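Chains as they are written, first to last, in the numbering used here: chain B, 1 to 253; chain D, 1 to 207. Data first, discussion second: the structure below is written as structure tokens.
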């Protein structure tokens with residue numbers, strides 16, 4: 001004789017419904033426990049796998065966040081840049097040397113990034129200083145070696161590439177001017193006002209950010225921690241002061 | 001070790017799972033028959049195959065998280081002149097985190113495959129539970145929800161003109177898991193879900 005098998009659960013359910021007494025109730029509890037136990041065991045296995053994976057990643061890497069706060073990895077960008085003769089394509093990461101370390105003996109340049117608007121008064125006032133500093137920190141005769149880049153945005157009034165070229169010529173800012181009139185790079189770098197300055201290590205880590213905190217902290221690449229910087233005159237740290245203090249500290253010139 | 005050698009390990013785990021889920025599964029699963037008798041059934045073959053697929057998806061996701069971290073340190077982990085390039089995608093801050101929580105996609109993948117693994121193991125451990133259908137539906141829902149996310153990530157690849165082989169492997173694992181849950185749903189609706197138990201009950205009733 002062949003019988004259609006009745007699932008065990010249905011049988012127990014019937015026993016329970018037909019008041020089979022304590023026995024049916026106990027069987028039902030047992031099955032419920034079995035379900036809970038299966039879920040718990042599966043949970044333990046899955047979570048063990050998850051945390052094992054997470055631990056392996058945590059112990060074998062030392063992640064650095066991307067951003068423009070000190071100690072973070074500066075967002076890379078590309079665009080068209082004016083070098084005094086023509087507009088050419090420019091890649092920020094071409095300037096980086098990922099093998100750089102704080103006590104590197106090679107003369108690898110640091111990168112000073114200025115966000116400016118050709119219509120901004122403060123940017124115009126700072127332009128002569130930028131011209132001086134870009135000459136001063138050219139790596140000649142033991143001076144710090146810094147590549148200066150200006151990123152031209154359009155925060156104040158409508159601007160154009162012609163205005164950028166005129167600004168560069170007028171103030172003798174003889175370094176690259178990147179066209180960011182669409183403000184894509186400014187958004188990535190969280191720049192809300194001009195002028196804004198950043199000093200970036202050769203390996204792409206932001207060492208100083210003019211807009212951060214009290215404007216007097218920098219990144220010590222040797223210790224991998226932020227440190228206070230000293231303003232020479234008024235306590236306010238300017239780009240040139242940050243260059244001198246951080247590059248001397250890290251032996252990177 | 002070369003990155004593609006490591007990728008082939010993840011791929012092998014997933015491929016083994018696919019073979020177990022395929023019609024070839026009955027012969028391959030024989031190696032598990034003694035220790036795991038449930039693998040003698042079609043249900044067991046699919047579930048064991050899905051465990052391997054989820055494991056492979058999890059390990060490859062963990063590797064992309066590792067790459068994400070290594071790239072942030074300034075290392076190069078999978079770059080080249082060809083279209084196959086992870087650095088340009090996993091290292092691209094515009095695309096390498098999910099837009100809602102800001103977490104690396106590798107971590108999102110790890111969480112997703114851990115959840116799928118939990119569902120699969122729970123079904124495998126108590127296949128006769130009345131909750132099984134709910135778990136299968138949850139698995140289906142989770143893997144289907146993964147499709148638009150995969151679409152978003154593929155759109156990044158198209159935008160950059162690059163293919164990240166590790167990410168693609170994780171995407172494929174999700175799609176295979178989806179197929180697995182569809183197979184489980186069909187099997188659950190058929191009479192073959194508990195064929196092993198039917199045999200046992202029939203044997204007892206003949207006695």
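Glycine residues also receive a C-beta, built at the ideal position from the N, C-alpha and C atoms. Just so it is clear, the structure is predicted and the values come from calculations on it, not from any experiment.
Cβ neighbours of residue 109 of chain B within its own chain (closer than 8 Å, five residues either side excluded): 95, 139, 145, 146, 147 and 202.
Rounded to the nearest angstrom, the Cβ distance from residue 194 of chain D to residue 128 of chain D is 6 Å, consistent with a contact under 8 Å. DSSP places residue 102 of chain D in the coil class of the three-state scheme, outside both helix and strand. Counting the other Cβ atoms within 10 Å of the Cβ of residue 132 of chain B gives fewer than 16, which makes it exposed. Looking at the DSSP output, residue 88 of chain B sits in a beta bridge with B/81.
Under a criterion of Cβ atoms nearer than 7 Å, the residues of chain B adjacent to residue 65 of chain D are, in order, 57.
The criterion of a C-beta distance shorter than 9 Å is satisfied by residue 113 of chain B and residue 199 of chain B. None of the residues of the region 22-37 of chain D has a beta carbon lying less than 8 Å from any beta carbon of chain B. Within the region 41-75 of chain B, 41, 42, 43, 45, 46, 47, 49, 50, 53, 54, 56, 57, 60, 61, 62, 63, 64, 65, 66, 73 and 75 place their CB atoms closer than 8 Å to a CB of chain D, listed in sequence order. For the 9 Å CB-CB criterion, residue 162 of chain B and residue 117 of chain B do not form a contact. Taking a cut-off of 8 Å on C-beta distances, the region 78-94 of chain D does not touch the region 35-46 of chain D, as fewer than three cross pairs fall below it.
By the C-beta criterion, the region 68-79 of chain D is judged not to be in contact with the region 125-139 of chain D, since fewer than 3 inter-stretch pairs fall below 8 Å. Nearest C-alpha to residue 42 of chain B among D/118, D/158 and D/181: D/118. Here DSSP, grouped into helix, strand and coil, assigns residue 34 of chain D to coil.
Counting C-beta atoms within 10 angstroms of its own C-beta, residue 51 of chain B has fewer than 16 neighbours from the protein chains shown and is therefore classed as exposed. Residue 220 of chain B is outside the set of residues whose beta carbon lies under 9 Å from a beta carbon in chain D. In the displayed model, residue 197 of chain B falls within a strand according to three-state DSSP. Judged by DSSP in its simplified three-state form, residue 220 of chain B adopts strand. Counting along the chain, residue 144 of chain D sits inside the alpha helix (DSSP H) bounded by residues 132-160. In this structure, DSSP gives residue 237 of chain B a state outside helix and strand, which the three-state scheme calls coil. Here residue 83 of chain D carries a coil assignment [DSSP, helix/strand/coil]. The C-beta distance from residue 157 of chain D to residue 163 of chain D rounds to 6 Å, short enough to meet the 8 Å contact threshold. By the Cβ test, the region 182-197 of chain B is in contact with the region 60-79 of chain B, since at least three Cβ pairs between them sit closer than 8 Å.
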